[in-house]
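Inspection log for the structure reproduced underneath, given as structure tokens.
Number of protein chains: 4
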Amino acid sequence: MAYRETEKMRERKARARQNIIERTWECVAEGGFRSARITRIAGLAGVATGTIYRHFESREDLFAEIFRLATQREVDKVAEALNVYGNAVERLDNALRKFAQRALKGPMKAWALIAEPVDPKVEEERLVYRKAYASLFEQAIRDGIAEGCIPDQNARLASTCLVGAISESLVGPLSPTQTDIPPGQDNNEDELVNTIVCFCIRGLTGTRS
Amino acid sequence: MAYRETEKMRERKARARQNIIERTWECVAEGGFRSARITRIAGLAGVATGTIYRHFESREDLFAEIFRLATQREVDKVAEALNVYGNAVERLDNALRKFAQRALKGPMKAWALIAEPVDPKVEEERLVYRKAYASLFEQAIRDGIAEGCIPDQNARLASTCLVGAISESLVGPLSPTQTDIPPGQDNNEDELVNTIVCFCIRGLTGTRS
Amino acid sequence: MAYRETEKMRERKARARQNIIERTWECVAEGGFRSARITRIAGLAGVATGTIYRHFESREDLFAEIFRLATQREVDKVAEALNVYGNAVERLDNALRKFAQRALKGPMKAWALIAEPVDPKVEEERLVYRKAYASLFEQAIRDGIAEGCIPDQNARLASTCLVGAISESLVGPLSPTQTDIPPGQDNNEDELVNTIVCFCIRGLTGTRS
Amino acid sequence: MAYRETEKMRERKARARQNIIERTWECVAEGGFRSARITRIAGLAGVATGTIYRHFESREDLFAEIFRLATQREVDKVAEALNVYGNAVERLDNALRKFAQRALKGPMKAWALIAEPVDPKVEEERLVYRKAYASLFEQAIRDGIAEGCIPDQNARLASTCLVGAISESLVGPLSPTQTDIPPGQDNNEDELVNTIVCFCIRGLTGTRS
DNA sequence: AATGAATGAGACTTCATTCAT
DNA sequence: TATGAATGAAGTCTCATTCAT
Chain S
95 MAYRETEKMR ERKARARQNI IERTWECVAE GGFRSARITR IAGLAGVATG TIYRHFESRE
155 DLFAEIFRLA TQREVDKVAE ALNVYGNAVE RLDNALRKFA QRALKGPMKA WALIAEPVDP
215 KVEEERLVYR KAYASLFEQA IRDGIAEGCI PDQNARLAST CLVGAISESL VGPLSPTQTD
275 IPPGQDNNED ELVNTIVCFC IRGLTGTRS
Chain Z
95 MAYRETEKMR ERKARARQNI IERTWECVAE GGFRSARITR IAGLAGVATG TIYRHFESRE
155 DLFAEIFRLA TQREVDKVAE ALNVYGNAVE RLDNALRKFA QRALKGPMKA WALIAEPVDP
215 KVEEERLVYR KAYASLFEQA IRDGIAEGCI PDQNARLAST CLVGAISESL VGPLSPTQTD
275 IPPGQDNNED ELVNTIVCFC IRGLTGTRS
Chain G
95 MAYRETEKMR ERKARARQNI IERTWECVAE GGFRSARITR IAGLAGVATG TIYRHFESRE
155 DLFAEIFRLA TQREVDKVAE ALNVYGNAVE RLDNALRKFA QRALKGPMKA WALIAEPVDP
215 KVEEERLVYR KAYASLFEQA IRDGIAEGCI PDQNARLAST CLVGAISESL VGPLSPTQTD
275 IPPGQDNNED ELVNTIVCFC IRGLTGTRS
Chain E
95 MAYRETEKMR ERKARARQNI IERTWECVAE GGFRSARITR IAGLAGVATG TIYRHFESRE
155 DLFAEIFRLA TQREVDKVAE ALNVYGNAVE RLDNALRKFA QRALKGPMKA WALIAEPVDP
215 KVEEERLVYR KAYASLFEQA IRDGIAEGCI PDQNARLAST CLVGAISESL VGPLSPTQTD
275 IPPGQDNNED ELVNTIVCFC IRGLTGTRS
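Chains as they are written, first to last, in our numbering: chain S, 95 to 303; chain Z, 95 to 303; chain G, 95 to 303; chain E, 95 to 303.
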């Protein structure tokens, strides 16, 4: 019979691609981009290595795509969290909390997106990502300055401080090698997030929240 | 006499070892640990690759040693900066400024010590390093709380936030991909350091400094 | 009616095959056999790669067929050019000129047919092709010897020399790497053809034409 | 004991390199550059693949070196053959004969040097090689014109014809697939060389030698 | 009969480490 | 003790061919 079920095949192909993407993201979640081998990804996805190359031009391109997708998801979440009802400080508080919570859930993923050294094409995506974050926070800070709830300051630099404080505070300390921190009240995730966000908000506003 | 010979040899060996260490640190300053090749290190040091292995068990061990030494130097600087006359906030301000300035002078070094992904043995050293920093800042924060110039808070977590905010703010923004930030007042190194340190101090104290 | 259907299908199939052949020859004209990818041929022909394999057993078989057809065309041209009115030398002069001119018009094609290294099955076809040429020229040379306008000699070997001299003189010098020959009178195509053909005729006749 | 026998090792290394070169040339003699695999070369040489890369930057560089060496040998032989006592025609006759005889001894080698499509770096060497040949023959032809034993003509073009006629006449017909030409007087190597060289000389001089 | 996604062997290359000298 | 040539596992990528649809 003729090959008419193009639709079905297209779907199947899309599924295969999606599968590769998900398996790749799994690998990245395990050890970052650098240690995600094409052979391992193919193995996990249950396809031949060549198949990866039918869906993506190169390892770098695959990673760039993964990065783009994961990043978009994160930025969207932050944008959404900034979009609640309230003044700028409240909205920033909400967004920072969201950002921190998500990073805590997948530290290696967060690290891969934020700090892992990557190839040029992926780094290019990261630049876009950083700019997206910077823009979001920066605008919210500007709003706060206009509203009078945040003192006048260099909004751009401040937004970088926010991302930095949270990233390192969460990603750094929680990286695999650091999970030996003795458990206790201090390690309670909620308190961790709370403390960091308070630090950030105070850093911005200069007031005890 | 035989003893003198041995003495001489020991000294010579120590010099060789020191030389390898210094050349390795140079390589790391260029491109981080990952891109520091044994062959290049040997080349710079003017010895054979095999000689490296007479002084260090493996590349990883060499790097761990490098890390340990570099780290100690940094921690010492911060400790020294914390040791000035003044109240806790002033001392922390001084230390954070020192930390930020040093990171700015050698961003790649700072990145290698703070954020570059490294092999387990090196990561182990990093943990020690983080703890050393944490301890120093933590103690200063506790002092501040006791003095009443810093509000009561989780000192350990706060110290992590400090390191994180500064690291990412400096190492991140100054990484190669971010050098396209348009030059201007904002890029002035002093202002950069100033802004970040203020953010940190406010984050700690909750007051506009 | 069933028969008519079959007839129509046969025709359609023949057209598809012809299309594949023409597109393949285009690819060969671009970069020779070696760089003619099945995927590219299929793309140009507007069919799937699998379809190629419905018409030809393998890439090698496809190339062998292409070679056979192209070759036949060339040999026919030479045969035709040898078939003019005149003595053997004049007829050979005419044929060599034709041969040279055609090679000049499509150097890559000529190179693919004459000199490109190819797989066994294609090489087999090349043998046939060479023999066809040899036979044509050989017969003309024999005619010339009989007519007395060409001195007695090994006609078969002489015919090989003719093909060789022209092929290399045209295909070799016109290959991409040699296009840096400074332009001028020497590069005039007509003069080039003229010189080579004269060389060949002199080689045969031993007289200054 | 200290590593003092640098001389010995240098010699050994040179031998290893020489060995690789010879084994590579063997591979080329079997199937040309294209089919000479690094793994096979390493296997023949009895070394690891990595060893090849200690002596040569890349496969292409190795081939370029092989080409350079083989080429130099050939050009030297021709230069030497042109350097005998006699007039230009006699010297050319001698050189062409030498050239033809050598090509006959190793057709695949000759083909690899003359006509096989190769990577850019190797092609670059070929250009040098072609120029060297062209220069040698061209000068001899000019000498002949000056001496009056060769009629005035485009010496450069003529020299190309010579190389072409011989190359194709010998390399083409004698390639592996063509060895099924029935043996007989015609296939006698001496006669073959003789015929081709006569053809060439007549092509140049326009006289029956 | 046509499709084209999937296959997977095989090619080149890198570089930390070893060991005869 | 120092040397550095040699090692070889491991990585990415290509492309002719197959086969379920």
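In this text, a Cβ means the ideal position worked out from N, Cα and C, and glycines have one as well.
Same chain only: Cβ atoms within 8 Å of residue i, ignoring 5 sequence neighbours per side
i, result
"G:Val-222", "Arg-162, Thr-165"
"S:Gly-125", "Met-202"
"E:Cys-243", "Asn-181, Ala-182, Val-183, Thr-299"
"E:Pro-214", "Glu-154"
"G:Arg-104", "none"
"E:Val-178", "Glu-184, Arg-185, Asn-188"
Contact with chain E by residue i, beta-carbon distance below 8 Å
i, result
"G:Asn-248", "yes"
"G:Thr-133", "no"
"G:Phe-293", "yes"
"G:Lys-290", "A small correction: the amino acid at residue 290 of chain G is Ile; Lys does not occupy that position in the sequence shown. Yes, contact with chain E."
"G:Arg-153", "no"
Cβ-Cβ distance between residue i and residue j below 8 Å
i, j, result
"G:Tyr-227", "G:Val-183", "no"
"G:Ala-194", "G:Val-122", "no"
"S:Glu-232", "S:Ser-253", "yes"
"Z:Glu-219", "Z:Ala-158", "yes"
"S:Ile-175", "S:Lys-192", "Reading off the sequence, residue 175 of chain S comes out as Ala, not Ile. In contact: S:Ala-175 and S:Lys-192 (Cβ atoms closer than 8 Å)."
"S:Ala-204", "S:Phe-127", "no"
"S:Gly-258", "Z:Gly-258", "yes"
"Z:Ile-160", "Z:Thr-118", "yes"
"Z:Leu-251", "S:Thr-289", "yes"
"E:Ile-146", "E:Ala-130", "no"
"G:Leu-138", "G:Glu-151", "no"
"G:Glu-283", "G:Leu-198", "yes"
Cutoff 8 Å: residue i Cβ touching any chain S Cβ
i, result
"Z:Thr-301", "yes"
"Z:Leu-251", "yes"
Residue environment, residue i, which counts as buried when at least 16 other CB atoms sit within 10 Å
i, result
"G:Pro-211", "buried"
"Z:Arg-153", "buried"
"G:Gly-238", "buried"
"E:Ala-189", "buried"
"E:Asn-248", "buried"
"E:Val-287", "buried"
"G:Ala-142", "exposed"
"S:Gly-297", "buried"
"S:Arg-109", "exposed"
"S:Ala-240", "exposed"
Contacting residues, own chain, Cβ-Cβ under 7 Å from residue i (five flanking each side not counted)
i, result
"S:Asp-187", "Val-291, Ile-295"
"E:Cys-255", "Gly-297"
"Z:Lys-171", "Lys-192, Arg-196"
"G:Leu-371", "In the structure displayed, chain G extends from 95 to 303; residue 371 of chain G sits before or after that span and is not available."
CB contact below 8 Å: residue i versus chain G
i, result
"E:Gly-210", "The residue you asked about is not Gly; residue 210 of chain E is Glu in the sequence shown. For E:Glu-210, the answer is yes, since a Cβ of chain G falls inside 8 Å of its Cβ."
"E:Ala-259", "yes"
"E:Cys-255", "yes"
"E:Ala-128", "In the sequence on display, residue 128 of chain E carries Arg and not Ala. Output row for E:Arg-128: interface = yes."
Own chain residues within Cβ distance below 6 Å of residue i, not counting five before or after
i, result
"Z:Arg-111", "His-149"
"Z:Pro-267", "In this predicted model, Z:Pro-267 has a pLDDT of only 44, less than 50, meaning its place in the structure is not dependable; the value taken from the coordinates is given anyway. Excluding positions up to five away in sequence, the list is empty."
"E:Arg-224", "none"
"E:Arg-236", "Ala-249"
"E:Asp-246", "Ile-239"
Neighbour flag for residue i against chain Z, beta carbons, 8 Å
i, result
"S:Ile-244", "no"
"S:Arg-296", "yes"
"S:Leu-286", "yes"
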